[in-house]
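Peer 1:
Chains as they are written, first to last, in this note's numbering: chain W, 19 to 219; chain A, 19 to 219.
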């Protein structure tokens, strides 16, 4: 294919970003070239550096440029709690929220027999070795609340049981600030099922 | 500022793109690193190449990596028509639409006395030299339909008059496929003012 020029090539390349179509890509290209070349150059450098250097943490399997990610390196973190998530992005948002001070383990997927994804495909043995290694007292299951996510959580809860490790599931219910009127019925049913006592009697 | 890691730096850099906030940037970074490093590397290269090599066309002042842009280089284009636009992006969308076969001239702004932008700031003398040079029979004014865009169009129409060049303004009215019910009143008034005869009598 003959190039239609550098500008067209740049617009085409920007379309690789998720959520960016030809119109947004066009807007981005013109903005960068006319008003912010310094940012364009910096973004170019960061993309190259990140693509080349970011791999997976040896211990928790999240994305990092080091052998061990910052959370796994941090002695201040509670190493008795292990939060299990499906993707590195899940671990990232939990960590940005800031409340959880334990460690993570990234499954890189969820059990999905229909798609041929079983415990072997998720390398559950790596997780099992970690649970077996000792020191962990609680496994917090933060897989998504889909059918596959729930099944994965239950599978790992049973695995934890084998090593006498307590397994907990994050709460599902009405989001903070959410108005009942606009909450879907599945979430509402969950919120009622998971109701907690407020008084002592 | 100490770096919070390559991933955080990449997310921060992606926020320089217009319309991209921290959440979208996060989504983009994880998508590229986990599923599409080849595109990330290509985008990095294109950003570097474009930032370094794209300048302005000597003749029409649009963005191009060559001395003369493809439109100005193309002998097949009608060099008697000159379409005047405010930005390179405007010329780009008109050219992509495909109907216009003449040449362009980019103002890089519009007259705006309140902001201190007069004919000198827009380098109108470059345009005047082009009109004076001969060969142009029609100037098509495609500045935006804002107060400043209209004023700019009228100013250039008078300039064209000086060299006996016909000046036309692109039509403003109801967009193709637009439903009257949802069109703003300014556009509707324009559409009535600009009505055309359909029959001969």
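Backbone N, C-alpha and C define an ideal beta-carbon position, used for all residues, glycine too.
What are the residues of the region 40-56 of chain A that lie near chain W, defined by any Cβ-Cβ distance shorter than 8 Å?
Peer 2: 42, 44, 45, 46, 47, 48, 49, 50, 51, 52, 54 and 55
Peer 1: Buried or exposed for residue 106(A), please, with buried defined as at least 16 other CB atoms from any protein chain shown within 10 angstroms of its CB.
Peer 2: buried
Peer 1: Since residue 187(W) is in the beta strand (DSSP E), which residue starts that stretch and which ends it?
Peer 2: 184-187
Peer 1: Starting from residue 99(W), trace the beta strand (DSSP E) in both directions and tell me its first and last residue.
Peer 2: Its beta strand (DSSP E) spans residues 99-103.
Peer 1: With a threshold of 7 Å on Cβ separation, who are the neighbours of residue 19(W) within its own chain once the five nearest residues in sequence on each side are excluded?
Peer 2: Reliability of the predicted coordinates at residue 19(W) is poor, the pLDDT of 46 falling under 50, and the value obtained from them is presented with this limitation in mind. Same-chain partners within the cutoff: there are none.
Peer 1: Among 44(A), 173(A), 193(A) and 196(A), whose alpha-carbon lies nearest the alpha-carbon of residue 185(A)?
Peer 2: Cα-wise, what sits closest to residue 185(A) is 173(A).
Peer 1: Whether or not the region 92-102 of chain A and the region 61-73 of chain A are in contact is what I'm after, with contact meaning three or more pairs of Cβ atoms, one per stretch, closer than 8 Å; do they touch?
Peer 2: no
Peer 1: Would you give the residue range spanned by the alpha helix (DSSP H) that residue 144(A) belongs to?
Peer 2: 142-150
Peer 1: Less than 9 Å between the beta carbons of residue 101(A) and residue 127(A), yes or no?
Peer 2: no
Peer 1: How far does the alpha helix (DSSP H) with residue 112(A) in it reach, from first residue to last?
Peer 2: 106-115
Peer 1: Taking C-beta to C-beta, are residue 62(A) and residue 81(W) nearer than 9 Å?
Peer 2: no
Peer 1: Counting only runs of 4+ residues fully inside the region 163-215 of chain A, write out the alpha helix (DSSP H) ranges in chain order.
Peer 2: 165-180 and 203-211
Peer 1: Using a Cβ-Cβ cut-off of 9 Å, state whether residue 105(A) counts as contacting chain W.
Peer 2: yes
Peer 1: Could you tell me which residues DSSP pairs with residue 59(A) in its beta bridges?
Peer 2: Beta bridge pairing from DSSP links residue 59(A) with no other residue.
Peer 1: Are the Cβ atoms of residue 44(W) and residue 29(W) separated by less than 9 Å?
Peer 2: Cβ distance < 9 Å, so residue 44(W) and residue 29(W) count as in contact.
Peer 1: Based on the DSSP secondary-structure assignment, which residues constitute the bridge partners of residue 156(W)?
Peer 2: 99(W) and 184(W)
Peer 1: Alpha carbon to alpha carbon, how far is residue 156(A) from residue 169(A)? Give it in angstroms, no decimals.
Peer 2: 19 Å
Peer 1: Consider the Cβ of residue 130(A): report whether some Cβ of chain W lies at a distance smaller than 9 Å.
Peer 2: no
Peer 1: Just verifying my parser: in three-state terms, what is the DSSP assignment at residue 19(A)?
Peer 2: Reliability fails at residue 19(A), whose pLDDT of 46 lies under 50, so the model's placement of it is uncertain and the value that follows must be treated cautiously. Reduced to three states, the DSSP call for residue 19(A) is coil.
Peer 1: Please return the same chain residues whose Cβ sits closer than 7 Å to the Cβ of residue 160(W), not counting the five positions on each side in sequence.
Peer 2: 101, 102, 103, 108, 112 and 188
Peer 1: Among the residues of its own chain, which have a CB less than 6 Å from the CB of residue 140(A), if the five just before and after it don't count?
Peer 2: Only 125 and 127 meet the Cβ criterion.
Peer 1: Would you decide whether residue 210(W) is buried or exposed? Buried here means 16 or more other CB atoms lie within 10 Å of its CB.
Peer 2: Around the Cβ of residue 210(W), a 10 Å sphere holds fewer than 16 other Cβ atoms; the residue is exposed.
Peer 1: Of all the options 51(A), 67(A) and 36(A), which has the alpha carbon lying nearest to the alpha carbon of residue 54(W)?
Peer 2: Ranking 51(A), 67(A) and 36(A) by CA distance to the CA of residue 54(W) puts 36(A) first.
Peer 1: Roughly how many angstroms separate the alpha carbons of residue 201(W) and residue 195(W), rounded to a whole number?
Peer 2: 11 Å
Peer 1: Could you give the residue range of the beta strand (DSSP E) that holds residue 128(W)?
Peer 2: Per DSSP, residue 128(W) belongs to no beta strand (DSSP E) and is neither H nor E.
Peer 1: Are residue 129(A) and residue 137(A) close, meaning C-beta to C-beta below 9 Å?
Peer 2: Yes, Cβ-Cβ distance for residue 129(A) and residue 137(A) is below 9 Å.
Peer 1: Let me check understanding here. Comparing Cα to Cα, which of 175(W), 165(W), 176(W) and 34(W) lies closest to residue 49(A)?
Peer 2: 34(W)
Peer 1: So that I know if they touch, is there some Cβ in chain A lying closer than 9 Å to that of residue 299(W)?
Peer 2: The displayed coordinates of chain W run from 19 to 219. Any statement about residue 299(W) would go beyond what the structure contains.
Peer 1: Name the one or two DSSP bridge partners that residue 74(W) has.
Peer 2: 81(W)
Peer 1: Would you please verify whether the beta carbon of residue 19(W) is less than 9 Å from any beta carbon of chain A?
Peer 2: Its pLDDT being 46, under 50, residue 19(W) is placed unreliably by the model, and the measurement read from it follows with that caveat. Not closer than 9 Å to any Cβ of chain A, the Cβ of residue 19(W) fails to qualify, so no.
Peer 1: Does residue 137(A) have its Cβ less than 9 Å from a Cβ in chain W?
Peer 2: Judged by the 9 Å Cβ criterion, residue 137(A) is not in contact with chain W.
Peer 1: Nearest-angstrom Cα distance between residue 165(W) and residue 175(W)?
Peer 2: 15 Å
Peer 1: Is the CB of residue 25(A) under 9 Å away from at least one CB in chain W?
Peer 2: Chain W contact via Cβ: present.
Peer 1: Would you say residue 160(W) reaches chain A, if we count a Cβ-Cβ gap shorter than 9 Å as a contact?
Peer 2: no
Peer 1: Along chain A, which residues have their Cβ under 8 Å away from the Cβ of residue 34(W)?
Peer 2: 50, 54, 57, 58, 60 and 61
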